[in-house]
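Residue numbers (full-length UniProt numbering): 1 to 950.
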């Protein structure tokens, strides 16, 4: 057999080498990955990688991490890219967004784009540069000593790993297990990689006794006797570096000799430990080695030469195998050698060396984080603090916010009392901004709280207010709503003391939050104060927004007429002055007010106008779309409601509040339709988010959806969900969103013969109806009274109450609620032996349920008809109502059949193009069509087009 191509085998590492070779071969086939190799110091991680990569002749770039996380962010990636550019100049010339790398790689001679870079753009450019390593050939990127890596480098690993599965690039990261404490950031990154399914691990353990003896025999040139093999294993514990050093020490001491059988044996003599090469150094070389050890595990050799001024000592370090050279770059042959030398330096000399090195690096223009580390170790806090501040600013410009926050925090720890207080406050602000940018919200909150207190004590109310505003924002991001409200109130008072209109803005924010959490009375008190401030300041944009919020809060508190008047006044003011953002916000509030007042068509129209205003002002419209799903749902336009929700949820830029609303409404529609597998995740997500965000209305909707999921299979669980819903509602001032789930729940309780729960829910509906005063609310109360009467066997009274409930809904356009009531009316009439009347209501309920695709409702209606021996009456064939189209949608459909564009249809029908777009979406959903042509074909077969050429 030809063995010439057989790869070199590392003793005791055959399985690990095979695994690494397989990963390299997959990368050659464009199936790259991130492979993390872990093992203790001296175990042979670097040797394993180097030998395997060299054998397969794959180009490898190395990016070492340096001890101490105050080095430059992304340093391993920057070093690797510099090596790449040295071999392939101009390789990044055509990289999209390459100017974002101006600060990371200044040698490229690039300038940041106008306005500076952004974190996303910088990350995309850096990832693009790293993936371009494979533009000409498969490659390996080795990130060494990740236990020392900066936060920015570690944070980039998950995003890099996501891109490797289609690239001929293997990224290898090495780290020491013993240098990974419980809170080390690499542990967090590993968890993120594991969740994403992109974590690949390779663990190197110490060699066993047999492999240790084989390695010692290879390095000693002959097999070892059994006693010597046992000694080597006992002293080295199977760590390859120690095996090498121990054998070298034995040979240097003349303790090894060859036996008659050619084996190595041990001559008698004093006991020896593993010396790690240090015993071979002269005094001058040892002093040079100590200076090198203080410089770090790797460094610029010129710095060492400038410090020791001794070429012979330097040469003895390289010739003796202590240091290796790669151009001007010097590295200890192994980090353990550096560690051993550093540990042996007396404390006073070590401090002096750190000071000398810090000064030398300062003169050489080294990264400020590196010099800061030396000033710290040299017990020079003032100089360390100055370097840390420079480093924090530089890190922040590179969007390395964790590293920037760390540097700022360490600088603040060194700050002497009473010194340069204004700069200290500025650094606190920077710490807060950087900590929030990287998600360290508790740290950000602490920084801004301290800054607010200090600025207040210094007589700076405006600065204190600004810090309190940021503090409130950090609290809100953590879901600490009550603390955030208190912080905003304090900010408003501080801005008041400074005579700034920002006080009004903060009170508007407080009032908005109180309204959103259904504390309308408190909201109105704060908003009234804000309104006075806005008028005194002449800020008509704020006045318009406040009127919109006040109007909405009034309607939600039961003052419908006054609330609608306020909201419309705010809208008129915003439109008059051309405040686009204020117009969109007030339209949203007006739409919500109309919805609470029971005018669902008006609410939908206002939401459409709000969406158009957002488009005009370049504003996100996700909140409008998500909230529009509510009136669409109430009107029975469930397909369009679901479509709007999916549009919100499919966007990565949609914020938490609209996503919570969209998940709740989409989950509710899916639950009604029996699609529990898809409904569950959406509803649980909505419930968790709404609890964190304090959104009572969304909690109520999500809890109802979860109850709907259990209606058929586990009605007792459904009752538990609705009980939780009532508990949530009791702590709020809502009188609208509770109507729909409780209307449904009273029927559930009646079916379960749960009298106490039925009475509790009926009482809640009575309170809500008293505050709401609308037809939908009183209909819900009448429905509950019908269930109470039926539970007491008062069937005539029950029929009368259900009839009242259905009659009240006649002009409200709420098909699900009306169908639910007609179902119960039909069932009661059947019990009264009035089957013909019962059949009319049951058929109405069945047809509505089929149009909505409300599965449980349709099943109950069909079963009730079967119980009285009545057939299901089909809806009139060929009518638009049979598929849920309105007269306006039918009109739009006929214009679509003429081949007109949305703009042309809008012109003909005096509508906005956005309204036409919504109608077309509803038509496609109702006809279960993916294209307009498909919808026209189905409409023609159903006879919906009439004469489309007329």
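Beta carbons are placed, not taken as given, at the ideal position from N, Cα and C, and that holds for glycine.
- Residue environment for residue 369: buried (at least 16 other C-beta atoms within 10 angstroms of its C-beta).
- Fewer than three pairs of CB atoms, one per stretch, sit closer than 8 Å, so the stretch 902-909 makes no contact with the stretch 596-605.
- By the Cβ test, the stretch 204-215 is in contact with the stretch 38-56, since at least three Cβ pairs between them sit closer than 8 Å.
- The Cβ neighbour count for residue 166, taken over all protein chains shown within 10 Å, is under 16; the residue is labelled exposed.
- Selection 460, 519, 722, 734 evaluated against residue 491 yields 460 as nearest (Cα-Cα).
- About 5 Å separates the CB atoms of residue 33 and residue 200; that is less than 8 Å, so the two are in contact.
- With at least 16 other beta carbons inside 10 angstroms of its own, residue 73 counts as buried.
- According to DSSP, residue pairing for residue 62 in a beta bridge involves 142.
- In the DSSP annotation of this structure, the continuous segment of the alpha helix (DSSP H) that includes residue 683 starts and ends at 676-693.
- Inclusion of residue 159 and residue 127 in the CB contact set at 8 Å is warranted, their separation being smaller than that value.
- Secondary structure at residue 912: coil, using DSSP grouped into helix, strand and coil.
- For residue 198, the three-state secondary structure derived from DSSP is coil.
- The beta carbon of residue 612 lies closer than 8 Å to those of 912, 914 in the same chain, with the five residues before and after it left out.
- Residue 923 carries a helical assignment under DSSP once its states are collapsed to helix, strand and coil.
- Residue burial annotation: residue 52 is buried, with at least 16 other C-beta atoms found within 10 angstroms of its C-beta.
- Residue state for residue 458 is assigned as coil, using DSSP reduced to three classes.
- With 16 or more other Cβ atoms from the protein chains shown falling within 10 Å of its own Cβ, residue 841 counts as buried.
- A Cβ-Cβ distance of about 4 Å is found for the pair residue 152 and residue 400, placing them in contact under the 8 Å criterion.
- At a Cβ-Cβ threshold of 8 Å, residue 467 and residue 455 count as neighbours.
- Taking a C-beta distance under 8 Å as the contact criterion, residue 853 and residue 873 do not qualify as a contact pair.
- Within the same chain, 628, 912, 914, 915, 918 come within 8 Å of residue 608 by CB-CB distance, once the 5 residues on both sides are set aside.
- For the pair residue 431 and residue 405, the CB atoms are nearer than the 8 Å cut-off.
- Under DSSP, residue 35 shares a beta bridge with 172, 200.
- Here residue 174 is buried: its Cβ has 16 or more other Cβ atoms, across all protein chains shown, within 10 Å.
- DSSP places residue 298 in the strand class (E or B) of the three-state scheme.
- Taking C-beta atoms under 8 Å as the contact rule, residue 518 and residue 564 fail to qualify, at a distance of about 19 Å.
- When the beta-carbon positions are compared, residue 620 and residue 580 stay at least 8 Å from each other.
- Excluding the 5 residues flanking it on each side, residue 259 has same chain C-beta neighbours closer than 8 Å at 225, 265, in chain order.
- The beta-carbon distance between residue 169 and residue 143, rounded to whole angstroms, is 12 Å. This is too long to meet the 8 Å contact definition.
- Residue 197 and residue 191 have their alpha carbons spaced roughly 10 Å apart.
- If you draw a straight line from the Cα of residue 481 to the Cα of residue 339, it comes to about 49 Å.
- Cβ contact annotation for residue 250 (same chain, cutoff 6 Å, sequence separation greater than five): 256, in chain order.
- Residue 411 has its alpha-carbon roughly 35 Å from the corresponding atom of residue 326.
- Bounds of the beta strand (DSSP E) holding residue 265 are 264-266.
- Judged by DSSP in its simplified three-state form, residue 820 adopts helix.
- In this structure, residue 761 lies near residue 726, with their beta-carbon atoms less than 8 Å apart.
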